[in-house]
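Trainee: For the sequence shown, this note's numbering gives the first residue as 1346, with consecutive numbering after it.
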Amino acid sequence: MKKTMNKEKNFNLGYACIFLCCCATAVSLVFISHMNKTHNTMLSIFMTFSYATLIFNLINFKKIRHIYSLVLQNKKILFRMNIVTLFNWLGTFMALRYLDPATALCLILGILSVTIFLISTPPHKFKSNKHLCFSMLLVLFSMGLVIKQNIALNPGEAHLYNLMHGLAWCALDGVTGAFIGMSSEAMGKAGFSVTQILATRFYLLTLVGGVVFLFMNHGPIVIDWKYYLLSSLLIVFFPLLMYQTAIRELGTLLVSLLEPFSPVLAYILQVVIGDYRFNVIMISLLLLSCLAIVWFVRIEQAIQRKKHFIVAVGN
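#1: Given Y1443, which residues of its chain have a CB within under 6 Å of its CB, disregarding the five upstream and five downstream residues?
#2: With a threshold of 16 other CB atoms inside 10 Å of the CB of I1525, please say whether the residue is buried or exposed.
#3: Apart from the five residues on each side of it in sequence, which residues of its chain come closer than 7 Å, Cβ to Cβ, to A1449?
#4: For K1408, collect the residues of the same chain with a Cβ closer than 8 Å to its Cβ; drop the 5 residues on either side in sequence, then sort them by chain order.
#5: Output needed for K1348: all residues of its chain with C-beta closer than 8 Å, excluding positions within five of it in sequence on either side, in chain order.
#6: So, does the segment 1395-1405 touch the segment 1529-1546, judging by three or more C-beta pairs under 8 Å?
#7: Hey, V1491 and L1631: beta-carbon distance below 9 Å or not?
#8: In angstroms, rounded to a whole number, what distance separates the CA positions of I1464 and H1563?
#9: How would you write the range of the alpha helix (DSSP H) that G1501 sits in, first residue to last?
#10: Take every Cβ of the segment 1581-1598, pair it with every Cβ of the segment 1358-1374, and state whether three or more of those distances are shorter than 8 Å.
#11: Please report the distance separating the alpha-carbon of V1416 from that of L1423.
#12: Using 8 Å for Cβ pairs, my map puts L1365 next to M1587. What's the rounded Cβ distance?
#13: In its own chain, which residues sit with a C-beta less than 6 Å from the C-beta of Y1548, not counting the 5 before and 5 after it?
#14: Using 10 angstroms around the beta-carbon of W1570, count the other beta-carbons present and answer buried if the total reaches 16, otherwise exposed.
#15: Mind checking which residues open and close the alpha helix (DSSP H) that includes E1594?
#16: Rank F1462, L1595, I1363, Q1615 by C-alpha distance to the C-alpha of A1447 and give the top, closest one.
#17: In chain order, what residues of the same chain have a beta carbon less than 6 Å from the beta carbon of N1495, not counting five sequence neighbours either side?
#18: For a test of the three-state rule: what should DSSP assign to P1467, helix, strand or coil?
#19: Alpha carbon to alpha carbon, what distance is there between M1387 and M1350?
#20: N1381 to F1438, Cα distance in whole Å?
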């Protein structure tokens, strides 16, 4: 009975974290989009993730020895996490140079969800996972809606060129994001806490951002320290802390299927700040598809719980 209650509490914590993650993710992508227009992209990457690494190491200051003991014992997992983190965040920053945040976020999360589903669900199990299959169709439907709206608002060959470039970067971001979720689960099993994962996953990204900036920069270096501290909190600290906790409590697949709420929030945020023209049909369809995804996922979750209960009773 206690185990069931604890599991229920964990799921509630996971759902709360993914809701907060959706809000924070929407804000962070709008922030990155505006930052790309006013600051050097590589300097932004270097400073934002340097701050993030410092913050998470300070949080774990008393356990630094334990962290680096785990690092030495799990070098392959950590290296894989740093590689996918590098391409994932490069994909995010570059995609937002070509696309608005709501479109980019919808494409990234859609590709992420589909990738994780295809990796974690063999084709012969599609029939027994029909609710998740329906969820995938709804994710693709959401992506199509946002792309259609984007093209309608920005007709012309020049924008189509930007859309294709943005889509390519979103694909890189989404696919590597799927492997980040799996690497996070592997690091969790190896003994890393949520904040310890975040303290060790940005080394390569920070290094590459700094080196590329130094090679590309030919003028005086001006660093807005307070601005980059804010960017680190908005882009990394709050969204990823919530995301890593949600993965720990709900699992990668379930989290990726609930995340499509983020584009809706980004869409609303862009309307509020004047970047987007409000469309009642668009926002209604997006909300309906997101609610349908959650409904299907909860049904699938209930089925899995019932199966586990039957197995437990049988044993």
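Ideal Cβ positions, reconstructed from N, Cα and C, are used throughout, including at glycine.
Mentor: Once the coordinates are examined:
#1: Here residue 1443 refers to the residue found at position 98 when the sequence shown is read from its first residue. Listed in chain order, the non-local C-beta contacts of Y1443 below 6 Å within the same chain comprise N1507, H1510, G1511, local neighbours out to five positions each way being set aside.
#2: Looking up residue 1525 in the sequence shown gives position 180. The residue is buried, with at least 16 neighbouring Cβ atoms inside 10 Å.
#3: Within the sequence shown, residue 1449 is the residue found at index 104, counting from 1. So the list reads L1374, A1440, L1441, G1511, C1515, once near-sequence residues are dropped.
#4: Counted from its first residue, the sequence shown places residue 1408 at position 63. These residues qualify, in order along the chain: Q1541.
#5: For the purposes of this step, residue 1348 is taken as residue 3 along the sequence shown, with counting starting at 1. Reliability fails at K1348, whose pLDDT of 49 lies under 50, so the model's placement of it is uncertain and no value is given.
#6: Segments in contact, yes.
#7: Taking the sequence shown and counting its residues from 1, the one referred to as residue 1491 is at position 146. Taking the sequence shown and counting its residues from 1, the one referred to as residue 1631 is at position 286. Yes, Cβ-Cβ distance for V1491 and L1631 is below 9 Å.
#8: In the sequence shown, the residue the question calls residue 1464 occupies position 119. In the sequence shown, the residue the question calls residue 1563 occupies position 218. Each residue's alpha carbon lies about 44 Å from the other.
#9: Position 156 of the sequence shown, counting from 1, holds the residue named residue 1501. Segment: none, G1501 is in no alpha helix (DSSP H) and carries neither H nor E.
#10: With a cut-off of 8 Å, the segment 1358-1374 and the segment 1581-1598 count as touching, because enough Cβ pairs lie within range.
#11: Numbered from 1 along the sequence shown, position 71 holds the residue referred to as residue 1416. Numbered from 1 along the sequence shown, position 78 holds the residue referred to as residue 1423. So the two alpha carbons sit approximately 7 Å from each other.
#12: Translated into positions along the sequence shown, residue 1365 becomes position 20. Translated into positions along the sequence shown, residue 1587 becomes position 242. Right, their Cβ atoms sit about 5 Å apart.
#13: Residue mapping note: residue 1548 aligns to position 203 of the sequence shown, counting from 1. If we look at Y1548 and ignore the five residues flanking it on each side, its Cβ neighbours are N1427.
#14: If you number the sequence shown from 1, residue 1570 lands on position 225. With fewer than 16 Cβ atoms within 10 Å of its Cβ, W1570 is classed as exposed.
#15: Here residue 1594 refers to the residue found at position 249 of the sequence shown. Element bounds for E1594: 1583-1595.
#16: Indexing the sequence shown from 1 puts residue 1447 at position 102. Out of F1462, L1595, I1363, Q1615, Q1615 has the C-alpha closest to the C-alpha of A1447.
#17: Position 150 of the sequence shown, counting from 1, holds the residue named residue 1495. So the qualifying residues of the chain are T1448.
#18: Residue 1467 sits at position 122 when you count from the first residue of the sequence shown. Assigned with DSSP and collapsed to three states, P1467 falls in coil, not helix or strand.
#19: Taking the first residue of the sequence shown as position 1, residue 1350 is located at position 5. Taking the first residue of the sequence shown as position 1, residue 1387 is located at position 42. Note that M1350 has pLDDT 48, beneath the 50 cutoff, so the model's placement of it is unreliable and no number is given.
#20: Taking the first residue of the sequence shown as position 1, residue 1381 is located at position 36. Taking the first residue of the sequence shown as position 1, residue 1438 is located at position 93. Those two C-alpha atoms are separated by around 8 Å.
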